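See structure below.
2 protein chains.
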Amino acid sequence: MNKPARTAEAEAEAVLKANQAFYDAMETGDLAALEALWLSGPQAASVTTVHPGWPVLRGRDEVLRSYALIMANTEYIQFFLTDVEVGVAGDTALLSCTENILSSNPGEGDGTVGNLIGGLVVATNVFRRTPAGWRLWSHHGSPVMAGEDDEDDEDDE
Amino acid sequence: MNKPARTAEAEAEAVLKANQAFYDAMETGDLAALEALWLSGPQAASVTTVHPGWPVLRGRDEVLRSYALIMANTEYIQFFLTDVEVGVAGDTALLSCTENILSSNPGEGDGTVGNLIGGLVVATNVFRRTPAGWRLWSHHGSPVMAGEDDEDDEDDE
């Protein structure tokens, strides 16, 4: 690292920005932007992704292929991120958030869009610091089942 | 780090051992062993866990409380880990695996165990190197939906 030491807040801010760029790329279907955000080089082989309900995908190529496939089958997708928290330790950042998703499948080919679907996904995103900025090393998203207990801290503490 | 540099294989081996100890502690219901495996100190607040279908839990205390709860409600659990892969970058390790789970809920209180349940979960486990060894920073487990495409590499490549 040949940059001056930055405050923890500035670090976290930079991770949040990379994370937002990741979801923005998904929303706009910008595969090139998405590719640029994923770790390349020596760690490319250890890149992993778990899409909700999917088995694990490993390696930069397989991960990016899955995103190309998802983008091709998604007419519209919007992420409202809530509950975003970042921890930074050395050159790694651990970010967790809730993805409030609104999406639709492709329509009937007549210019209409398919049915809108709402979804709730929790994600753990791991970033590595590189000379070019923070890059995604791992994404794991999973569905949140309805009926889970809400945070009970308010009730019993 | 005041230890001599170790080979990448020895590093990965140490991570695999910590990971196995994590699942062993779950199997034996050894909460003390489990607690010792989770990161403490400055990064304790950024510890996260997502159990299958659950929202994200944050902070060492909340995470450990969830394991105590799960252990109290689990009569029997066994993990057969498959497809285990580790990537190490600096002081962080990223491990993914498939948990083939056999478990049962508590029985009727007459000494019998409840029904055995099989489950398939994919996990992303993040470890940090500490002077005492590799410690868990994050665990994210999610159910694998049946009917997903199997790996298609054999068919089309």
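Those sequence lines, one after another, are chains A and B.
Heads up: the first sequence begins at 1 in full-length UniProt numbering, then just goes up one per residue.
Heads up: the second sequence begins at 1 in full-length UniProt numbering, then just goes up one per residue.
We treat Cβ as the ideally placed atom computed from N, Cα and C, and that holds for glycine.
Only a predicted model underlies this, so the values are computations on that prediction, with no experimental measurement involved.
Coarse secondary structure for residue i, derived from DSSP in three states
{"i": "A:T28", "result": "helix"}
{"i": "B:D83", "result": "strand"}
{"i": "B:G53", "result": "coil"}
{"i": "B:G141", "result": "strand"}
{"i": "B:L69", "result": "helix"}
{"i": "A:R58", "result": "strand"}
{"i": "A:A45", "result": "helix"}
{"i": "B:L120", "result": "strand"}
{"i": "B:A21", "result": "helix"}
{"i": "A:N11", "result": "Here residue 11 of chain A is Glu; the residue named in the question, Asn, does not match the sequence. DSSP places A:E11 in helix when its eight states are reduced to three."}
{"i": "B:L37", "result": "helix"}
Separation of residue j from residue i, as counted between CA atoms
{"i": "A:A21", "j": "A:L37", "result": "8 Å"}
{"i": "A:R58", "j": "B:A89", "result": "16 Å"}
{"i": "B:A45", "j": "A:D83", "result": "15 Å"}
{"i": "A:A68", "j": "A:G119", "result": "20 Å"}
{"i": "B:N105", "j": "B:M26", "result": "14 Å"}
{"i": "A:A8", "j": "B:M145", "result": "39 Å"}
{"i": "B:L136", "j": "B:L16", "result": "12 Å"}
{"i": "B:S66", "j": "B:D24", "result": "17 Å"}
{"i": "A:V63", "j": "B:R129", "result": "26 Å"}
{"i": "B:T28", "j": "B:N73", "result": "13 Å"}
{"i": "A:L31", "j": "A:N115", "result": "24 Å"}
{"i": "B:R60", "j": "A:A14", "result": "25 Å"}
{"i": "B:Q43", "j": "A:A10", "result": "17 Å"}
{"i": "B:G41", "j": "A:E75", "result": "45 Å"}
{"i": "B:E148", "j": "A:P131", "result": "The predicted position of B:E148 is uncertain, since its pLDDT is 46 and thus under 50; a value taken from the coordinates is nonetheless stated next. Near 37 Å, if we compare the C-alpha coordinates of A:P131 and B:E148."}
Test item: CB-CB of residue i and residue j under 8 Å
{"i": "A:P143", "j": "B:G53", "result": "yes"}
{"i": "A:A12", "j": "A:V86", "result": "yes"}
{"i": "B:T92", "j": "A:V50", "result": "no"}
{"i": "B:L81", "j": "A:S138", "result": "no"}
{"i": "B:A18", "j": "B:G133", "result": "yes"}
{"i": "A:S103", "j": "A:I117", "result": "yes"}
Within-8 Å CB hit, residue i to chain A
{"i": "B:T82", "result": "no"}
{"i": "B:R58", "result": "yes"}
{"i": "B:D61", "result": "no"}
{"i": "B:R128", "result": "yes"}
{"i": "residue 198 of chain B", "result": "Residue 198 of chain B lies beyond the residue range present for chain B, which begins at 1 and ends at 157; the question has no answer from this structure."}
{"i": "B:E148", "result": "Note that B:E148 scores a pLDDT of 46, beneath 50, so its modelled location is shaky; the value from the coordinates is reported in the next line. Answer yes: the Cβ-Cβ gap between B:E148 and chain A drops below 8 Å somewhere."}
{"i": "B:P143", "result": "yes"}
{"i": "B:A10", "result": "no"}
{"i": "B:V15", "result": "no"}
{"i": "B:S103", "result": "no"}
{"i": "B:T74", "result": "no"}
{"i": "B:E157", "result": "Note that B:E157 has pLDDT 34, beneath the 50 cutoff, so the model's placement of it is unreliable and no number is given."}
CB-CB length for residue i against residue j, believed under 8 Å
{"i": "B:V47", "j": "B:L39", "result": "6 Å"}
{"i": "B:F79", "j": "B:E99", "result": "5 Å"}
{"i": "A:I101", "j": "A:I77", "result": "7 Å"}
Any C-beta of chain B under 8 Å from that of residue i
{"i": "A:E154", "result": "Here A:E154 scores only 41 on pLDDT, less than 50, and its place in the model is too uncertain to base an answer on."}
{"i": "A:E85", "result": "yes"}
{"i": "A:T28", "result": "no"}
{"i": "A:S66", "result": "no"}
{"i": "A:T7", "result": "no"}
{"i": "A:P4", "result": "Because A:P4 carries a pLDDT of 45, less than 50, the predicted location of this residue cannot be relied on, and the following value inherits that uncertainty. Not an interface residue."}
Chain-ordered neighbours of residue i on chain C, where CB pairs are closer than 9 Å
{"i": "A:A89", "result": "Of the chains in the structure shown, none is chain C; the protein chains are A and B."}
Distance cut-off 7 Å: residue i Cβ against heavy atoms of the ligand FMN
{"i": "A:P42", "result": "The ligand FMN is absent from the structure shown, which contains no ligand whatsoever."}
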